[in-house]
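Residue numbers (this note's numbering): 11 to 316.
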């Protein structure tokens, strides 16, 4: 029986690893898409358009799978994730990066996973494992190095505050989402959080309509991509992984995203990374590895008895 439980646990761990890998890859690609479509769409309209596409895709899957409304107990977390993460984080980050260089944005938004770990340890009773805290610190330094190596050192107060709002929105949204996954499926939590995000972004509907009529098709397609993959698929795989691990550990894995952004920018935008950026990326990966380490389990059958 014990062997069957361990086997099932390992299988779930592998599925969660695949899910979070898909998430970080797609979220990294989102930065390229945002940079491209952001030239023709304002921050609010881009967020609303992306969420509308994501909601449409998630709604179709929800109907095909026959999953209805989530239980009442899941709704506080769904509303929290929808308002603070899907809506507030997306709009604030799109807006903040217009007034903040990449280095400052990396420093401020990079506090998000740290806030997730602190809030998760406090509100979700996940504790504060030493390896997690050390890994977060190392990964944060690596992310800051990546950002500063590509930034021009300029930021307005407005931009810095918006990035701080984005980081806080991300942390609150993740911590709100975790309890909801105890009562509803990952698909339900993701789809209805996205719906809440759409409702919160409806004030931008007018600008979205206007900008859709003038934006080139390439920018519109980039927005559709953001909705289908980095939103619908990636947020779903994130929720799936979150239902199988702690918020702190999963949040730490997002420090891989800036490293992937550097590599994708190199491949797709011909932006050659500096040696300092590559070093910072390696440091981020090291920090993530440390944060994901587990304590070595002692096999009770190997213990020596008198």
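We put the CB at the ideal spot given by N, CA and C, even for glycine. Computed from a predicted structure; not experimentally measured.
- request: Give the straight-line distance between the Cα atoms of residue 196 and residue 250, rounded to the nearest whole angstrom.
  value: Taking the chain shown and counting its residues from 1, the one referred to as residue 196 is at position 186. Taking the chain shown and counting its residues from 1, the one referred to as residue 250 is at position 240. Rounded to the nearest whole angstrom, the CA to CA distance from residue 196 to residue 250 is 5 Å.
Bounding residues of the alpha helix (DSSP H) (the contiguous stretch that carries residue 253): To locate residue 253, count along the chain shown from 1; it is residue 243. First-last for residue 253: undefined, no H or E at that position.
query: What residue range is occupied by the uninterrupted alpha helix (DSSP H) comprising residue 199?
result: Taking the first residue of the chain shown as 1, we reach residue 199 at position 189. Under the DSSP assignment, residue 199 falls in the alpha helix (DSSP H) whose first and last residues are 196-211.
query: Per DSSP, what kind of secondary structure is residue 138 in: helix, strand or coil?
result: The sequence position of residue 138 within the chain shown is 128, counting from 1. Judged by DSSP in its simplified three-state form, residue 138 adopts coil rather than helix or strand.
field: residue 237 to residue 66 span [Cα, whole Å]
entry: Within the chain shown, numbered from 1, the residue matching residue 237 stands at position 227. Within the chain shown, numbered from 1, the residue matching residue 66 stands at position 56. Distance between the alpha carbons of residue 237 and residue 66: 9 Å.
query: Quick one: what does DSSP say residue 75 is sitting in, helix, strand or coil?
result: By 1-based counting over the chain shown, the position of residue 75 is 65. If DSSP states are grouped into helix, strand and coil, residue 75 belongs with the helices.
task: Tell me, please, whether the region 40-54 touches the region 214-229 by the rule of three or more beta-carbon pairs shorter than 8 Å.
output: With three or more CB-CB distances shorter than 8 Å, the region 40-54 counts as touching the region 214-229.
- request: Over the uninterrupted alpha helix (DSSP H) stretch that includes residue 179, give me the two end residues.
  value: Within the chain shown, numbered from 1, the residue matching residue 179 stands at position 169. Here the alpha helix (DSSP H) through residue 179 covers 167-190.
task: With DSSP collapsed to three states, give me the class of residue 225.
output: Locating residue 225 in the chain shown gives position 215, counting from the first residue. Three-state result, residue 225: coil.
task: Count the other CB atoms, across all protein chains shown, that sit within 10 Å of the CB of residue 140; report buried if there are 16 or more and exposed otherwise.
output: If you number the chain shown from 1, residue 140 lands on position 130. In summary, residue 140 is exposed, with fewer than 16 beta-carbon neighbours lying within 10 Å of its beta-carbon over all protein chains present.
query: How long is the line joining the alpha carbons of residue 151 and residue 73, rounded to whole angstroms?
result: Start at 1 with the first residue of the chain shown, and residue 151 comes out as number 141. Start at 1 with the first residue of the chain shown, and residue 73 comes out as number 63. Each residue's alpha carbon lies about 43 Å from the other.
query: Does DSSP put residue 48 in a helix, a strand or coil?
result: By one-based count along the chain shown, residue 48 stands at place 38. Correct three-state label for residue 48: coil.
task: For residue 43, collect the residues of the same chain with a Cβ closer than 6 Å to its Cβ; drop the 5 residues on either side in sequence, then sort them by chain order.
output: Taking the first residue of the chain shown as position 1, residue 43 is located at position 33. Correct list, in chain order: 232, 235, 236.
message: Do residue 207 and residue 90 have their beta-carbon atoms positioned less than 8 Å apart in this structure?
response: Indexing the chain shown from 1 puts residue 90 at position 80. Indexing the chain shown from 1 puts residue 207 at position 197. No. Outside cutoff.
query: Is DSSP giving residue 121 helix, strand or coil here?
result: Here residue 121 corresponds to residue number 111 of the chain shown, with the count starting at 1. The answer is coil: DSSP assigns residue 121 none of H, G, I, E or B.
message: By the three-class DSSP mapping on this structure, what secondary structure does residue 309 have?
response: Residue numbering aside, residue 309 sits at position 299 when the chain shown is read from its first letter. Only weak support exists for where residue 309 lies, its pLDDT of 46 falling under 50; the coordinates are left without a value.
- request: Keeping to the same chain, check which residues put their C-beta closer than 8 Å to that of residue 133; ignore five residues upstream and five downstream.
  value: For this step, residue 133 is matched to residue 123 along the chain shown. Only 185 meet the Cβ criterion.
Local Cβ density within 10 Å of residue 200, reported as buried at 16 or more and exposed below that: In the chain shown, residue 200 corresponds to position 190, counting from 1. Classification of residue 200: buried, given that the 10 Å Cβ count is 16 or more.
query: Does DSSP classify residue 246 as helix, strand or coil?
result: Counting from 1 along the chain shown, the entry for residue 246 is found at position 236. In the three-state reduction of the DSSP assignment, residue 246 falls in the helix class.
Span of the alpha helix (DSSP H), counted from its first residue to its last, around residue 103: Translated into the one-based positions of the chain shown, residue 103 becomes position 93. Residues 100-106.
- request: Apply the 10 Å Cβ neighbour rule to residue 223 and answer buried if 16 or more other Cβ atoms are within range, or exposed otherwise.
  value: To locate residue 223, count along the chain shown from 1; it is residue 213. Residue 223 is exposed by the Cβ-count criterion.
task: Can you grab the Cα-Cα spacing for the pair residue 75 / residue 69, in whole Å?
output: Position 65 of the chain shown, counting from 1, holds the residue named residue 75. Position 59 of the chain shown, counting from 1, holds the residue named residue 69. Looking at the two C-alpha atoms, the distance is approximately 10 Å.
field: Per-residue DSSP class, three states only, for residue 53
entry: Within the chain shown, the letter at position 43 stands for residue 53. Looking at residue 53 - three-state DSSP - the assignment turns out to be helix.
message: Once DSSP output is grouped into helix, strand and coil, what is the label at residue 13?
response: Translated into positions along the chain shown, residue 13 becomes position 3. Confidence is the limiting factor: at residue 13 the pLDDT is only 49, short of 50, which leaves the residue's position unreliable and the question unanswerable from this model.
task: Evaluate residue 106 with the Cβ neighbour count: other Cβ atoms within 10 Å of its Cβ, from every protein chain shown; 16 or more gives buried, anything less gives exposed.
output: If you number the chain shown from 1, residue 106 lands on position 96. Residue 106 is buried by the Cβ-count criterion.
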